[in-house]
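Asker: Using UniProt numbering, the letters of the sequence shown correspond one by one to residues 1 to 720.
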Amino acid sequence: TTFQDGGEEVEEGAVYNVTLKKVQIQQAANKGARWLGGEGDQLPPEHTVRQYETSKIRAIKAGTLEKLVENLLTAFGDADFSYISIFLSTYRAFASTKAVLELLLDRFGNLETLSHVEVANLNSFESEIVLRAEIASVLRAWLDQCSEDFREPPDHTCLLKLLDYLRNNMPNSDMESKVQNLLKQFQNQEAEAVDGLCSTSSSDLVDGEELEISNPEEFSSFQDHVVAEQLTYMDVMLFKKVVPYHCLGSIWSQRDKKENKNLAPTVRATITQFNAVTKCVVSTVLGTKELKIQQRAKIIEKWIHIAHECRILKNFSSLRAIISALQSNSIYRLKTTWMCVSKDILLMYEELSEIFSDHDNYLTSRELLMKEATSKFANLDSSEKENQKKSQKRLQLQKNKGVMQGTVPYLGTFLTDLIMLDTALQDYVEGGLINFEKRRREFEVIAQIKLLQSSCNSYCLIPDQKFIQWFRSQRHLTEEESYKLSREVEAAADTHVLSPKSQKSMVKRISTLFLGTDVITPPKEQPPKVSPLGGSSGESTDSASVSSCEFSHSETEDVCVTPISSPEDPLKKGYDSDKGSIGSVFDKCSGSDKCSILDKASGCDSGFVPDKGSSSMPCISSKVHPVYNRQSGGTCIIRVSMDGIKDSVYKSILITNQDRIPDVTQRALLKHNLEPDAVEDYELVQVISEDKELVFPRDANVFYGMNSHVNFDFILRKKA
Numbered sequence: 001t002t003f004q005d006g007g008e009e010v011e012e013g014a015v016y017n018v019t020l021k022k023v024q025i026q027q028a029a030n031k032g033a034r035w036l037g038g039e040g041d042q043l044p045p046e047h048t049v050r051q052y053e054t055s056k057i058r059a060i061k062a063g064t065l066e067k068l069v070e071n072l073l074t075a076f077g078d079a080d081f082s083y084i085s086i087f088l089s090t091y092r093a094f095a096s097t098k099a100v101l102e103l104l105l106d107r108f109g110n111l112e113t114l115s116h117v118e119v120a121n122l123n124s125f126e127s128e129i130v131l132r133a134e135i136a137s138v139l140r141a142w143l144d145q146c147s148e149d150f151r152e153p154p155d156h157t158c159l160l161k162l163l164d165y166l167r168n169n170m171p172n173s174d175m176e177s178k179v180q181n182l183l184k185q186f187q188n189q190e191a192e193a194v195d196g197l198c199s200t201s202s203s204d205l206v207d208g209e210e211l212e213i214s215n216p217e218e219f220s221s222f223q224d225h226v227v228a229e230q231l232t233y234m235d236v237m238l239f240k241k242v243v244p245y246h247c248l249g250s251i252w253s254q255r256d257k258k259e260n261k262n263l264a265p266t267v268r269a270t271i272t273q274f275n276a277v278t279k280c281v282v283s284t285v286l287g288t289k290e291l292k293i294q295q296r297a298k299i300i301e302k303w304i305h306i307a308h309e310c311r312i313l314k315n316f317s318s319l320r321a322i323i324s325a326l327q328s329n330s331i332y333r334l335k336t337t338w339m340c341v342s343k344d345i346l347l348m349y350e351e352l353s354e355i356f357s358d359h360d361n362y363l364t365s366r367e368l369l370m371k372e373a374t375s376k377f378a379n380l381d382s383s384e385k386e387n388q389k390k391s392q393k394r395l396q397l398q399k400n401k402g403v404m405q406g407t408v409p410y411l412g413t414f415l416t417d418l419i420m421l422d423t424a425l426q427d428y429v430e431g432g433l434i435n436f437e438k439r440r441r442e443f444e445v446i447a448q449i450k451l452l453q454s455s456c457n458s459y460c461l462i463p464d465q466k467f468i469q470w471f472r473s474q475r476h477l478t479e480e481e482s483y484k485l486s487r488e489v490e491a492a493a494d495t496h497v498l499s500p501k502s503q504k505s506m507v508k509r510i511s512t513l514f515l516g517t518d519v520i521t522p523p524k525e526q527p528p529k530v531s532p533l534g535g536s537s538g539e540s541t542d543s544a545s546v547s548s549c550e551f552s553h554s555e556t557e558d559v560c561v562t563p564i565s566s567p568e569d570p571l572k573k574g575y576d577s578d579k580g581s582i583g584s585v586f587d588k589c590s591g592s593d594k595c596s597i598l599d600k601a602s603g604c605d606s607g608f609v610p611d612k613g614s615s616s617m618p619c620i621s622s623k624v625h626p627v628y629n630r631q632s633g634g635t636c637i638i639r640v641s642m643d644g645i646k647d648s649v650y651k652s653i654l655i656t657n658q659d660r661i662p663d664v665t666q667r668a669l670l671k672h673n674l675e676p677d678a679v680e681d682y683e684l685v686q687v688i689s690e691d692k693e694l695v696f697p698r699d700a701n702v703f704y705g706m707n708s709h710v711n712f713d714f715i716l717r718k719k720a
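1. For Glu444, count neighbouring Cβ atoms within 10 angstroms of its own Cβ and tell me buried if that reaches 16, exposed if not.
2. Among Arg167, Asn169, Leu182, whose alpha-carbon lies nearest the alpha-carbon of Asp149?
3. Going by Cα to Cα distance, which pick from Lys241, Gln254, Thr288 is closest to Ala269?
4. Using 8 Å as the threshold, is the stretch 417-435 in touch with the stretch 339-352, meaning 3 or more CB pairs across them?
5. Using 10 angstroms around the beta-carbon of Glu367, count the other beta-carbons present and answer buried if the total reaches 16, otherwise exposed.
6. Here's the rule: buried if 16 or more other CB atoms are within 10 angstroms of the residue's CB, otherwise exposed. What is Val640?
7. Do Glu488 and Lys298 count as a contact pair if the criterion is CB distance below 8 Å?
8. Should the stretch 56-64 be regarded as contacting the stretch 17-25, the criterion being three or more beta carbon pairs within less than 8 Å?
9. Starting from Val10 and walking both ways along the beta strand (DSSP E), at which residues does that stretch end?
10. Tell me which residues share the same chain as Glu8 and place their Cβ nearer than 8 Å to its Cβ, disregarding the 5 neighbours each side in the sequence.
11. If we count Cβ pairs, one from each stretch, closer than 8 Å, do we get three or more for the stretch 470-479 versus the stretch 244-251?
12. Taking all protein chains shown into account, do 16 or more other C-beta atoms lie within 10 angstroms of the C-beta of Ile129, making it buried, or fewer, making it exposed?
13. Going by the CB atoms, is the gap between Ile446 and Ser96 shorter than 8 Å?
14. Tell whether a beta-carbon distance below 8 Å holds between Glu81 and Leu68.
15. Among Met237, Leu139, Ala276, which residue has its Cα nearest to the Cα of Thr266?
16. Distance, Cα to Cα, Val179 vs Leu162?
17. Report the rounded CA-to-CA distance for Gly249 versus Met420, giving the unit in angstroms.
18. What three-state label does DSSP hand Lys343 in the structure shown?
19. For Cys280, does the three-state DSSP call read helix, strand or coil?
20. Would you kindly work out how many angstroms separate the C-alpha atoms of Ala492 and Glu217, rounded to a whole number?
21. Between Asp417, Arg717, Glu301, which has its C-alpha nearest Asp344's C-alpha?
22. Given this structure, state the Cα-to-Cα distance separating Asp144 from Tyr83, to the nearest angstrom.
23. To the nearest angstrom, how far is the alpha carbon of Leu654 from that of Cys636?
24. Any idea which residues DSSP pairs Ala59 with across the strands?
25. So, is Gln230 buried or exposed, given that buried needs 16 or more other C-beta atoms within 10 angstroms?
26. DSSP three-state label for residue 721, please.
27. Going by C-alpha to C-alpha distance, which of Asn629, Leu669, Arg630 sits closest to Asp643?
28. Where does the unbroken beta strand (DSSP E) through Glu442 begin, and where does it stop?
29. Taking all protein chains shown into account, decide if residue 728 is buried (16 or more other Cβ within 10 angstroms of its Cβ) or exposed.
30. In this structure, how does DSSP classify Cys595 when only helix, strand and coil are distinguished?
31. Output the residue ranges of the alpha helix (DSSP H) runs that lie fully inside the UniProt domain "Ras-associating" (634-720) and measure 4 residues or longer, sorted by chain position.
32. Report yes if the CB atom of Gln453 is closer than 8 Å to the CB atom of Phe239, and no otherwise.
33. Put Ser632 into one of helix, strand or coil per three-state DSSP.
34. Please report how far the alpha carbon of Leu674 lies from the alpha carbon of Leu716, in whole angstroms.
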């Protein structure tokens, strides 16, 4: 089979890509060989005749909504066999379920409203039966692949419309029964949800029970593999419920707007679980001040073992959550405690951390995920012999059980990719046609999510109610609390009997392990500054907290993990951080428009975390520091001053390749203590030279639109 580009075909309201497919359909004996009684497949090439057939594949590239819906009925005839799946997985980015259903049923499903020409255009359909069969095929695929599209409580308007159509056109069919069952299922689930909300508290605790800091003895009573299995069980249940279209960049990026507080609930649920794991690690390590150094080190070792068990179970979500927590500043800074962690376990920790290295856009974790996505068991390699033996032994126990494993991914990787696609590709092309090529690219990511969801059916895990109850009853420390406890614990540990020589040796060992070969004695640490919520500090120079691992800000509070390096690190001066807490593994947005999960444990893919105010803060890897006058890793720092104000002091603002003019303008106004709602009254201008400046259009991307060859100096000017 060979393929050849056939160019484009343009119709009214649609543009198609054409590919010519040449296929060998027969290899027969030539005339002389047939006379001798030879068969084509038994003769050498010179005695055979090959016959080929060339077929045309038409794939819609762009079109109006009406054309895209019409193509659902003709795609099979055009040999575009994946079109229906792609459309159903991505149409929510440009249309509603109601709009598509009305076109499909009212416009094309009702032959009385179609002209003879239109019917003929639908792949030369000559009968009502054939057309209805095509519509039935599309509806069946819709119900099978994307039944959640019809969940519209309490009325379920679209589902009732579909049911009415089936009763009139396909009475007593299997599909009619399926729609009736789906409607009952939705109604029952809603009733159960209401009953559950009334009968249980939001924290799922028994009456009178309060959240508590972890009891070390109780935590130690759980076996490592049991903890990993239970975390995996919870992750699997949530990941299987993720609705793929919730992950689309154009949808997920809108989640922080006030009117969208209930948007993408299935993705939010995975975020909540990820953060709960991360906070549980912090509370178990720091929650009890009375612990001895060796006891606290044992808890860290236990979490590393649990992370390793998660790796064996191919649970990359909880694995990353645990690694992120151990890399948080409040735990990382416990130098004396880390000295008591055994060398073998430290090496295991280093290997697990390398999985999420930000090198080459997280190439290691991406390759590993693709390699193990549908494999029966994890592929474990270790550079340390003792760890290799333990890994293989545990893996063999898993294999002996005879149960295959699925794969739970770190969802942030996919959300980041979809955000990047949404930002990079236009929604519409020339003529106002919907850019369906963009949706094909998005479907490549969505298909991976669906494949992994399917693989999760291989897990056979039983919930342990004792552990789950313990896990949900943990009181999570705020960042301030964890940092304060960390300082108190380390101060107490410093009084422990440790010779200066051994302490210096162990600090060097730890520093080399986490920071590389260049060991720098860290400056004296100070607690992170937290400015008043919702306002800027008013300082003329800005500094930012940089997160080495991330938590999502929840509905009740913003949680931040401060950097491995000291807040006094001079590299951080000039960062934009008037705003309290930052650093959220899952919550990232450019202003209030473009958002995604931050894809980083040892680094950050490119992201923002909204603070309590209306502006947002980028989360930057501790390895790649943004600086003034240089674009690096999709981020840079610009200086913005106010035009027309005498002696106006510039403000440093950190931007990423997601930021557009309204976002940057709003943050600049906040920095200058002006009303942020006045965005429409100002324009952003880059100063090129004394007599030249660059004025940005309303919705321009600042990062890509700016002149990177001159100083990153900007003026905020009131429009004439």
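Idealized CB from N, CA, C, for every residue including glycine.
Answerer: Checking against the coordinates, here is how it stands:
1. By the 10 Å Cβ count, Glu444 comes out exposed.
2. When only C-alpha atoms are compared, the closest one is Leu182.
3. Lys241
4. no
5. exposed
6. buried
7. no
8. yes
9. 2-11
10. Val15, Tyr16, Asn17, Val18, Lys61
11. no
12. exposed
13. Their beta carbons are not under 8 Å apart, which means Ser96 does not touch Ile446 by this criterion.
14. The sequence shown places Phe at residue 81, rather than the Glu named in the question. Cβ distance not < 8 Å, so Phe81 and Leu68 don't count as in contact.
15. Met237
16. 8 Å
17. 8 Å
18. helix
19. helix
20. 21 Å
21. Glu301
22. 15 Å
23. 6 Å
24. Asn17
25. buried
26. The requested residue 721 is not part of the displayed model; the chain covers only 1 to 720.
27. Leu669
28. Where Glu442 is concerned, there is no enclosing beta strand (DSSP E), although the alpha helix (DSSP H) it sits in stretches over 436-455.
29. Residue 728 cannot be examined here, being either before or after the span of the chain that is shown, 1 to 720.
30. Unreliable placement is indicated for Cys595, whose pLDDT of 35 sits below 50; no coordinate value is reported for it.
31. 661-671, 702-705
32. yes
33. strand
34. Rounded to whole angstroms, Leu674 and Leu716 show a C-alpha spacing of 11 Å.
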